[in-house]
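Residue numbers (my numbering): 2 to 314.
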């Protein structure tokens, strides 16, 4: 069976930067309190852009970087939990914006694990011959669901999008086997609810305990299935939930020589967008060598997870 690879990446963030000092003028908080508990310094907020706008911008960059024309794309998958339109889905909107004809398009709502879930889905489709090239996008406008009066959550969230092109890669595979699952008994720990005026809520302590005790074994299993020694990883890109969670997981993995994505410091928690956004920045800055084994680890609402080792594009 032919292998697959991430052929290119792209990302997009809104221009408006919301600092911790800005938040301190909105709620009872300050820069020191936010950094100590989350590691976050700034986040980007989309004032006028929609999820579709940001997803399209990131996907357009990835497509250009891959050297592909719109008609080369057979599949568009968007991971998001903040799309406003129920129908049509964001993926078909993106296809329309980019001039992609006749591609299958669908959304995956798996919250913060959404991108890795979508990547695995596209990987399987390309391996099965159901698509030649797939655009996989994580895009979120978390500001639409933020309660700006709740200091425990409003300091966390940001907006943005990241995208990758998945293509056939000859023998072998640049995208390793996925490790995915969920623990629905903890589903109420992370919520976006409230009907037509939804708001993000979470039990921060429960999420922290779960992520810091359960996700390292998932990551190690993804490495095992890919045949990669964790000590040999070139990079680790986890969901950018907060810096304390990221560093706790990394310590358990024993990956001292790997480049660790810490985009949460500048971008906040962008849910399904966080992994492709952070990955694209590492690639574009040349911080990880092409082909280096890179661990992607998504986790969050559901409680869901998905992880795989990929060759850095």
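Positions of the beta carbon are idealized from the N, C-alpha and C atoms, including for glycine.
Distance CB(residue i)-CB(residue j) smaller than 8 Å
i, j, result
"residue 295", "residue 255", "no"
"residue 276", "residue 177", "no"
"residue 60", "residue 82", "no"
"residue 108", "residue 92", "yes"
"residue 292", "residue 313", "yes"
"residue 214", "residue 246", "no"
"residue 238", "residue 280", "yes"
"residue 95", "residue 309", "no"
"residue 9", "residue 165", "yes"
"residue 211", "residue 298", "no"
"residue 153", "residue 205", "yes"
"residue 57", "residue 99", "yes"
"residue 208", "residue 190", "yes"
Nonlocal neighbours in the same chain, by C-beta distance under 6 Å from residue i, ignoring five residues either side
i, result
"residue 55", "13, 140 and 162"
"residue 133", "75"
"residue 216", "250 and 300"
"residue 120", "137"
"residue 273", "80, 81, 115, 116, 139 and 141"
"residue 62", "11"
"residue 104", "74, 75, 76, 77 and 96"
"residue 170", "4, 5 and 6"
"residue 17", "46 and 48"
"residue 110", "82"
Environment of residue i [buried if 16+ CB atoms lie within 10 Å]
i, result
"residue 285", "exposed"
"residue 149", "exposed"
"residue 72", "exposed"
"residue 222", "exposed"
"residue 39", "buried"
"residue 88", "exposed"
"residue 220", "buried"
"residue 186", "exposed"
"residue 188", "exposed"
"residue 258", "exposed"
"residue 184", "exposed"
"residue 68", "exposed"
"residue 102", "exposed"
"residue 159", "buried"
"residue 143", "buried"
"residue 1", "What is shown of the chain runs 2 to 314, which leaves residue 1 out entirely."
"residue 232", "exposed"
"residue 242", "buried"
"residue 70", "exposed"
"residue 65", "exposed"
"residue 130", "exposed"
8 Å CB neighbourhood of residue i in its chain, flanking five on each side removed
i, result
"residue 192", "201, 202, 203 and 302"
"residue 289", "235, 236, 260, 283, 295 and 313"
"residue 21", "30, 31, 32, 35, 36, 41, 42, 43 and 156"
"residue 15", "45, 46, 47, 48, 50, 55, 160 and 161"
"residue 227", "177, 178, 294, 309 and 310"
"residue 19", "43, 44, 45, 46 and 159"
"residue 90", "79, 84, 106, 107 and 108"
Cβ shell of residue i (< 7 Å), same chain only, five flanking positions each side left out
i, result
"residue 182", "306"
"residue 126", "76, 132 and 135"
"residue 175", "4, 5, 6, 7, 311 and 312"
"residue 146", "83, 193, 199, 200 and 201"
"residue 2", "Since pLDDT at residue 2 reaches only 47, below the 50 mark, its modelled position is unreliable, and the value read off the structure follows with that caveat. Answer for residue 2: 128, listed in chain order."
"residue 266", "40, 41, 42 and 244"
"residue 253", "217"
Discussion item. If we require 4 or more residues per run, which alpha helix (DSSP H) segments fall completely within the segment 75–99?
Written reply: Taken in chain order, the complete alpha helix (DSSP H) segments of 4 or more residues contained in the segment 75–99 are 91–99.
Fill in: Segment contact flag, the segment 197–204 with the segment 37–52, C-beta cutoff 8 Å, min 3 pairs
They do not touch, by the three-pair rule.
Discussion item. Threshold first: 3 residues or longer. Then list the beta strand (DSSP E) segments lying entirely within the segment 235–280, N to C.
Written reply: As far as the segment 235–280 is concerned, its whole beta strand (DSSP E) runs of at least 3 residues are 236–239.
Discussion item. Tell me whether the segment 104–120 and the segment 62–79 touch, counting them as touching only if at least three CB pairs, one residue from each stretch, are closer than 8 Å.
Written reply: yes
Item to complete: Could you pull out every unbroken alpha helix (DSSP H) segment of at least 4 residues lying fully inside the segment 144–205, listed in chain order?
Response: Listed in chain order, the complete alpha helix (DSSP H) runs (minimum 4 residues) inside the segment 144–205 are 152–155.
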